[in-house]
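Residue numbers (our numbering), protein chains in the order written: chain Z, 6 to 390; chain F, 160 to 661. Glycine included, C-beta positions come from ideal geometry on N, C-alpha and C. Quick caveat: nothing in here was measured; it's all calculated off a predicted structure. Notes follow once the structure below has been shown.
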């Protein structure tokens, strides 16, 4: 008999400390929900960056200290003096009537590291507020809890949830600018995904205590610098679509246990760190080839946009390239050549060297036609560049 | 993407070499383009860090903002760059040809940036500059708003298919070559060039690996690599700030030199790569209809130049409903024309359309050259019909108007019927134009029996749609019920905050 899922996930992670979901892994979840490798690494809380680096694919997701400093400075400025600037934009830009405001920082409870105490305090305060008692209007740094793949994950948003007219709103503070009322769509999308996770988590909290989930709005408030200044502006962003998408994806991976059951029992992504050393000096002791072999046993679904948000992407790309998988070329080519998985197969069909199966015959005819056209052109104009 | 381009990408991937997608270069390349590589500071869209600009490989200017967060330095930089760019643009505002309404400049400037990010960086810079006031508390040099308005104009034209006044180099290269990597990776100029022209003695695979290593190939911008930021740039900016605070001219000059050299090290590889790419692109013959598109560029350039000479206001922050509709119609039109012109000029592009069933090539198997028809005005006109047998997967329906690159200029036809015949298709077309004025068609104006002929849909002539005047905007499209946004009025926007509060 196999050990229960929790134990199996812990075994997959091995000795390393558990990592919780962050903005990047949530983005990865939204963009590539069907990737087994990503699902297992994230659900087990494994350190994807360290694993990728150890097997020879260091991830390029360094953050520039400028971006970091800018983000922190902007957030601090917005929250200064009991969120004075935030209240200004809520009142002036979004025309909200906030009569009296009480600000509660939930960061200070229980000391650093005691997530359970912080989560209890968050629950207490938010439930009081939801019942209409308590004096909070703005809640800073609540610690929420999200079920991902049957596993609990703490979300530590650097956000303020505020309550107006009996509804909670999620506020995302971001440092990319809103220029003339428009912001970079990719960045807005990422921010909305992150906020959607908080909406889901907050709703789960209310539902768990038998309260109406409608008390959490699915419109988020995005606070970002106005034009080229440092002054904030705000906008409502409709997150309905992404809340729905994320909910669907979360329910789909509800059963990480099903994935775990398919794995060989001895499989682990353990880095074998020497935990007695200070964190900075910990080096993986597990042989890289062994870890690489373990990672290679789990199927991954590579897509080029993984390069933007998944630490394992370079590993997966190398594998896709080695297999001549059409995933390397991205969705535009994949869609055109539906049902064909590798470059070898596509060219084999195009050159008439492979016999197509029944459902490939239309595709094979189109490929042969395209190949004939290319041959004519190559003859007339020369092929390679 | 068509089946043909998909196949080209697969071939490139399998054979590990770039595969050409066109026979011609469909964008004009100027003899004297202004190459600009903009760099911005991470985390702040409107904070330019540096720019390298120049009209020849060996003639470059590097401008650096030592402390990008400082607004005064930002606009001093904008003024310096503005002078470089305006000198270049003004050199094209000299020769005019034609009289009155038709008078226009004979050539246009051309700015080339590494990638779409470079275009976006110039758009931000243009937006930052064009509303600034040259008087009052935060006065900027006179060139700044002028430069901003020109940048905005160039960025706007870059959205129009077939124009060549502002071009991202990666787009030019991917138009001509298919690589064995994804569209996302094609945005990286170094990766793209690794496929097309890897350094001598280096395999494509190795060149690709180097292209993704920021220490070997620094990113082509606008953002710099985070490692570079943290390791080199942040300490250097700090030293500059310290020197600035101390006010010692020697240390300040030293700190400034250090910063400039650091950044030069980051842009120079991209600079060399860009000129290498430009010279490769120059070696590709240009498509015949490029000249016609240059004429449109001259028109656009002259109009904007005259508007500037007349002291026009800066472009709005947001289009009004009517100007947005007008612009969209122009962009759609330009795209349709450009696609048709490319297919007409270029057998590769035509083949691409053929593989998607949007064009066809075949052999004339039946011909009625002397067929006539009687028009509504009761005149007899030649309306010859020919039947073409094609093995292309045709998807065009009867009634589609056609043009043909294989027939003399002016030839037009319309599809009468499409009948499948075994593996092939028989298309009967009626020739409607290009036959001269006589009762019988001119010699050579009707396809002969057994001739191979290409047909593609005619983008046709469309009248410019008429839009209501701005004071007659339908209520469905009128301004926000919350009241008009005052920032839409350019005069008010000039009073934009300086934002110098950090």
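Residue 299 of chain F versus residue 224 of chain F: straight-line alpha-carbon distance, rounded: Taking C-alpha positions only, residue 299 of chain F is separated from residue 224 of chain F by approximately 16 angstroms.
If contacts are defined as beta-carbon pairs under 8 angstroms, then residue 605 of chain F and residue 589 of chain F qualify, I think. What distance do you get, rounded to the angstrom? Incorrect: roughly 11 angstroms between the Cβ atoms, too far for contact.
State buried or exposed for residue 246 of chain Z, treating a residue as buried only when at least 16 other CB atoms are found within 10 Å of its CB. exposed
So with Cβ pairs under 8 angstroms, would you call residue 386 of chain Z a contact of chain F? yes
Three-pair Cβ contact test at 8 angstroms for the segment 276 to 291 of chain Z versus the segment 11 to 27 of chain Z: Contact holds: three or more Cβ-Cβ distances are below 8 angstroms.
Taking the DSSP output, what are the residues bridged to residue 562 of chain F? F:571 and F:615
Using a Cβ distance threshold of 8 angstroms, determine whether the segment 541 to 557 of chain F contacts the segment 508 to 522 of chain F, with at least three qualifying pairs required. Contact between the segment 541 to 557 of chain F and the segment 508 to 522 of chain F is present, because at least three Cβ pairs lie under 8 angstroms.
Residue-chain proximity (residue 291 of chain F, chain Z), Cβ-Cβ < 8 angstroms: no
May I ask you to report which of helix, strand or coil DSSP gives residue 299 of chain F? coil
Residues that residue 369 of chain Z contacts on chain F, provided the C-beta gap is smaller than 9 angstroms: Neighbours of residue 369 of chain Z on chain F: none; closest Cβ ~11 angstroms, over 9 angstroms.
List the whole-angstrom C-beta distance separating residue 265 of chain F from residue 252 of chain F, where the pair is believed to meet the contact cut-off of C-beta under 8 angstroms. Actually they are not in contact, since the Cβ atoms of residue 265 of chain F and residue 252 of chain F sit about 11 angstroms apart, beyond 8 angstroms.
Checking 8 angstroms against the spacing of the C-beta atoms, do residue 148 of chain Z and residue 111 of chain Z come in under that value? yes
Could you give the distance in angstroms between the alpha-carbon of residue 646 of chain F and the alpha-carbon of residue 486 of chain F? Annotation note: pLDDT 44 at residue 646 of chain F (below 50); position unreliable, no value reported.
Provide the residue span of the beta strand (DSSP E) that contains residue 365 of chain F, from first to last. Careful: residue 365 of chain F lies outside any beta strand (DSSP E), inside the alpha helix (DSSP H) at 363 to 370.
Could you check if residue 274 of chain F is buried or exposed, using at least 16 other CB atoms within 10 Å of its CB as the buried criterion? buried
For the beta strand (DSSP E) holding residue 176 of chain Z, just list the boundary residues, first then last. 172 to 178
If I measure Cβ to Cβ from residue 398 of chain F and keep anything under 6 angstroms in the same chain, skipping five residues before and after, which residues do I get? Here the set comprises 414.
Determine the closest residue to residue 186 of chain Z out of F:477, F:434, F:209 and F:210, with distance taken between C-alpha atoms. Looking at the Cα atoms, F:477 is the closest of the given residues.
Going by beta carbon distance, what residues of the same chain come within less than 7 angstroms of residue 356 of chain Z, once the five residues before and after it are set aside? 376
Residues of the segment 225 to 244 of chain F whose Cβ lies closer than 9 angstroms to any Cβ of chain Z, in chain order: 227, 228, 230 and 233
Burial state of residue 537 of chain F, where buried means 16 or more other Cβ atoms lie within 10 Å: exposed
Pull up the CB-CB distance for residue 193 of chain Z and residue 242 of chain Z, whole angstroms please, since I reckon it's below 8 angstroms. The beta-carbon distance between residue 193 of chain Z and residue 242 of chain Z, rounded to whole angstroms, is 7 angstroms. This is short enough to meet the 8 angstroms contact definition.
Please state whether DSSP places residue 227 of chain Z in a helix, a strand or coil. strand
Quick one: what's got a C-beta closer than 7 angstroms to residue 370 of chain Z's C-beta in the same chain, skipping five residues either side? none
How do the segment 180 to 196 of chain F and the segment 362 to 369 of chain Z stand: do at least 3 beta-carbon pairs fall below 8 angstroms, yes or no? no
Once DSSP output is grouped into helix, strand and coil, what is the label at residue 80 of chain Z? helix
Environment of residue 565 of chain F [buried if 16+ CB atoms lie within 10 Å]: exposed
Compare the C-alpha of residue 229 of chain Z against each of Z:101, Z:128, Z:80 and Z:46 and name the closest. Z:80
Taking 8 angstroms as the CB-CB limit, is residue 329 of chain Z close to chain F? yes
What does residue 212 of chain F pair with, by DSSP beta-bridge criteria? Paired residues: F:195 and F:220.
Beta carbon of residue 185 of chain F nearer than 8 angstroms to that of residue 446 of chain F: yes
Spell out a yes or no on whether the segment 501 to 510 of chain F and the segment 556 to 565 of chain F are touching, meaning 3 or more CB-CB pairs, one atom from each, closer than 8 angstroms. yes
Do you know how far the Cα of residue 49 of chain Z is from the Cα of residue 263 of chain Z? Those two C-alpha atoms are separated by around 14 angstroms.
Hey, does residue 402 of chain Z have any beta-carbon neighbour from chain F nearer than 8 angstroms? Residue 402 of chain Z is absent from the model: chain Z starts at 6 and stops at 390.
So, helix, strand or coil for residue 445 of chain F, using DSSP? strand
When DSSP labels each residue in this structure, what does residue 105 of chain F get in the three-state scheme? In this structure chain F extends from 160 to 661, so residue 105 of chain F is not present and cannot be described.
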